[in-house]
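One structure is given here, and the rest of the page talks about it.
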Amino acid sequence: MRELQHLNKYFLKYKSQLFIGIIITIVARLFLLYTPRYVKQIFVIIENFSANIITKEVFRSQLTEAILYIVGAAIIGGVLTFFMRQYIINVSRYIEFDLKNEVYQQYQKLSLNFYKKNRTGDLMNRITEDVSRVRMYAGPAIMYSINTITLFIIVIIYMMKASPKLTLYTIVPLPILSIIIYKLSKEIHKRSTIVQEYLSKLSTFTQESFSGISVIKAYGIEPQTSANFKDLADGSKEKQISLARVQAWFFPTMILLIGVSNLLVIYIGGMQYINGEIESIGTIAEFIIYVNMLTWPVATVGWVTSIVQQAEASQKRINEFLKFEPEIKNPTDIPSKINGNITFKNVSFTYDDTNIQALNNLSFHIKEGETLAILGKTGSGKSTILDLIGRLYDIDEGSILIDDTEINLVNLENLRDSIGYVPQDAFLFSDSIKNNIKFGKQDATDEEVIEAAKNAQVHKNIIAFNNGYDTKLGERGITLSGGQKQRVSIARAIIKSPKILLFDDCLSAVDTETEEKILNNLTKLTKGKTSIIVSHRVSSAKNADKIIVLDNGKIVQEGTHDTLINIDGYYKHLYLKQLSETF
Numbered sequence: 001m002r003e004l005q006h007l008n009k010y011f012l013k014y015k016s017q018l019f020i021g022i023i024i025t026i027v028a029r030l031f032l033l034y035t036p037r038y039v040k041q042i043f044v045i046i047e048n049f050s051a052n053i054i055t056k057e058v059f060r061s062q063l064t065e066a067i068l069y070i071v072g073a074a075i076i077g078g079v080l081t082f083f084m085r086q087y088i089i090n091v092s093r094y095i096e097f098d099l100k101n102e103v104y105q106q107y108q109k110l111s112l113n114f115y116k117k118n119r120t121g122d123l124m125n126r127i128t129e130d131v132s133r134v135r136m137y138a139g140p141a142i143m144y145s146i147n148t149i150t151l152f153i154i155v156i157i158y159m160m161k162a163s164p165k166l167t168l169y170t171i172v173p174l175p176i177l178s179i180i181i182y183k184l185s186k187e188i189h190k191r192s193t194i195v196q197e198y199l200s201k202l203s204t205f206t207q208e209s210f211s212g213i214s215v216i217k218a219y220g221i222e223p224q225t226s227a228n229f230k231d232l233a234d235g236s237k238e239k240q241i242s243l244a245r246v247q248a249w250f251f252p253t254m255i256l257l258i259g260v261s262n263l264l265v266i267y268i269g270g271m272q273y274i275n276g277e278i279e280s281i282g283t284i285a286e287f288i289i290y291v292n293m294l295t296w297p298v299a300t301v302g303w304v305t306s307i308v309q310q311a312e313a314s315q316k317r318i319n320e321f322l323k324f325e326p327e328i329k330n331p332t333d334i335p336s337k338i339n340g341n342i343t344f345k346n347v348s349f350t351y352d353d354t355n356i357q358a359l360n361n362l363s364f365h366i367k368e369g370e371t372l373a374i375l376g377k378t379g380s381g382k383s384t385i386l387d388l389i390g391r392l393y394d395i396d397e398g399s400i401l402i403d404d405t406e407i408n409l410v411n412l413e414n415l416r417d418s419i420g421y422v423p424q425d426a427f428l429f430s431d432s433i434k435n436n437i438k439f440g441k442q443d444a445t446d447e448e449v450i451e452a453a454k455n456a457q458v459h460k461n462i463i464a465f466n467n468g469y470d471t472k473l474g475e476r477g478i479t480l481s482g483g484q485k486q487r488v489s490i491a492r493a494i495i496k497s498p499k500i501l502l503f504d505d506c507l508s509a510v511d512t513e514t515e516e517k518i519l520n521n522l523t524k525l526t527k528g529k530t531s532i533i534v535s536h537r538v539s540s541a542k543n544a545d546k547i548i549v550l551d552n553g554k555i556v557q558e559g560t561h562d563t564l565i566n567i568d569g570y571y572k573h574l575y576l577k578q579l580s581e582t583f
């Protein structure tokens, strides 16, 4: 239960609703106990009438009164049970909502390194399946526990008053039932876990298949893919059947032991009635109802124990991530004004997950409003520079200054809010094109969205769709071509009008003519803004105020376009190569 102590703050938050729910639970059980008592009374009334102790009129009056008490108590008990569930079960839903938000907020805070080391499926499972299991503890487990304790105490007291001997014989099968249900619940939990693992594998396989359907079709491997899916599905089916076999014992076992208890009541009670140990045959009927009232609560002891075990395991998994300290933290709540001066001083950085050194003693400076172009071979460290400016990682050595302030002392929210970032892999959400562009500025008007799209040279493509800007995109923007995705991503960045613009090879899928138009528009839009363009094309870099060429995380060339094309080196060779390809 130690891991579940994390939920105590939520129980305190909703203590009023829980307290009311507990009171209603106790009162509801008390009203339901009217039924067996008045059933016994009915038998007594019938016996009195048969023995001519009461008249026909009195018989009718007493019988009607007893029936009305039973019906009234059942209605009141039912209404109270409804409100009991409304209070206690609703609280579990509130806790589920709060816990999911807490987990999601933690996910938002965690650094990129965390996501590189953990699988997306596992992260999703903790915020869905694990939280749902915890909810079962916060709602049904608590409700049934209170219900069971209240009912068991009250019913046993009533039974002992009516016939202590019959009570002892009657409750003998109930602990056996609880133990059996516990064993079955434990086995069901174990097999359910295996079933969930197979379902996870099936979900992962189908998701990857649908995402990569173009590759599957292009290589003609549909039969092989179908065969692999069938193997997984067959395995899942076998585990599901195995689970169903165990589950099939659950209710038959309950019915059997209920039957045994009822037989004991009828036989022992009958013998006691014959021997004159109990006054009325109605006592036997009363006990049968008590037994049936106790059976489900006793059975839930094993079920609740299983729920608590599952919740404990799930909360432990959740706590592992909630206790995870983010590597990148906001150093201050004091707002920082960002102008756009950027300085790298002897910066070195190595990726933890691969141990690859991306930057080695790198130094450069960009003044506010200048444009820097970065070129180099794949893996030379170009994209890493942009990640470090956005403080997605912290450096190992050296220092990065934003307006002469160490980057790790700048307000993180202000820093990132002042950056417009166009990643190498243009990621778009499964939403409308308009909302994807407005992602950069939530309160943007339709006119601003259209203007941004025009500057990114994607407006004509968008209005060609049937629904225009309201066109819904598929997963990761699959509805659009590579070039269209890049241009929508550019529109999303420039609509924000940030102080710093970072372009990570975002024109690689665009033809030369469109690239030239976009670059001309960006030249106008980026006046007074600091811009960094990472590219493999000289055409994207030639108009920059400064160009640096990287190799193995070091600057090997630095200067303007006119300077570098006259110096023998990577930039000149790349320029001549691309110039010859143009012709």
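As numbered in UniProt numbering, residues 1 to 583 make up the sequence shown, in order.
Don't be surprised by glycine CBs; every beta carbon is placed ideally from N, CA and C.
None of these values were measured; they are calculated from a predicted model.
Counting only the Cα atoms, E320 lies some 12 Å from Y107.
In the structure shown, G340 adopts coil according to DSSP, grouped into three states. In its chain, beyond the 5 residues on either side, P173, L174, I176, L177, I180, T295 have a beta carbon closer than 8 Å to the beta carbon of L257. Ranked by Cα distance from T371, the first of T332, N543, K485, G77 is N543. The C-beta separation of I328 from A141 comes to about 38 Å, leaving the pair out of contact by the 8 Å criterion. Our two residues, K100 and D130, have alpha carbons roughly 10 Å apart in a direct line.
In this structure, V458 keeps its C-beta atom at 7 Å or more from the C-beta atom of V410. Between the C-alpha atoms of R85 and G21 there is a straight-line separation of about 8 Å. The residue from I450, D504, S432, G482 with its alpha-carbon nearest to that of T471 is S432.
Taking I419 as reference, the option from T283, G440, Y273, I154 with the minimal CA-CA separation is G440. In the three-state reduction of the DSSP assignment, H536 falls in the coil class, being assigned neither a helical nor a strand state.
When beta bridges are read from the DSSP output, Y421 appears opposite L502. For L507, the secondary structure class from DSSP, reduced to helix, strand or coil, is coil. With a minimum length of 4 residues, the unbroken runs of alpha helix (DSSP H) contained wholly in the region 442-471 fall at 446-455, 459-463. Rounded to whole angstroms, the separation of the alpha carbons of I450 and K524 is 17 Å. Bridge pairing for Q578: absent [DSSP].
The way I'd put it, the region 509-521 doesn't touch the region 346-365; fewer than three beta-carbon pairs between them come closer than 8 Å. Only residues of its own chain outside the window of five on either side were considered, and among them I284, I288 have a CB closer than 8 Å to the CB of I266, listed in chain order. Separation of V39 and T25 (C-alpha to C-alpha, rounded to the nearest whole angstrom) is 23 Å. Within the same chain, Cβ atoms closer than 6 Å to the Cβ of Q17 are found at Y87, V91, the five residues on either side in sequence being excluded.
The alpha-carbon of E368 is positioned some 30 Å away from that of N435.
I548 is positioned such that its CB atom lies closer than 7 Å to that of F364. The region 526-537 makes contact with the region 370-386; the number of CB pairs closer than 8 Å reaches 3 or more. The C-beta of F349 has 16 or more other C-beta atoms within 10 Å across all chains shown, which makes the residue buried. S145: not part of any beta strand (DSSP E); member of the alpha helix (DSSP H) spanning 142-162, first to last residue.
Burial check for K56: the Cβ neighbour count within 10 Å stays below 16, so the residue is exposed.
Taking the CA atoms as reference points, E222 sits about 31 Å from S508. V172: not part of any alpha helix (DSSP H); DSSP gives it neither H nor E.
Annotation: Q357 is outside any alpha helix (DSSP H); the continuous beta strand (DSSP E) that includes it extends over 357-366. Here DSSP, grouped into helix, strand and coil, assigns K527 to coil. Contact between the region 232-252 and the region 275-282 is absent: fewer than 3 CB-CB pairs across the two stretches fall below 8 Å. Boundaries for A491: no beta strand (DSSP E) harbours it, while the alpha helix (DSSP H) harbouring it runs 482-494, taken from the DSSP string. For G212, the number of other beta carbons within 10 angstroms of its own is below 16, and it is reported as exposed.
Only residues of its own chain outside the window of five on either side were considered, and among them I328, I407, L412, L415 have a CB closer than 7 Å to the CB of R391, listed in chain order. Residue range 546-551 is occupied by the beta strand (DSSP E) that includes D551. Annotation for L63: the continuous alpha helix (DSSP H) segment containing it runs 56-109.
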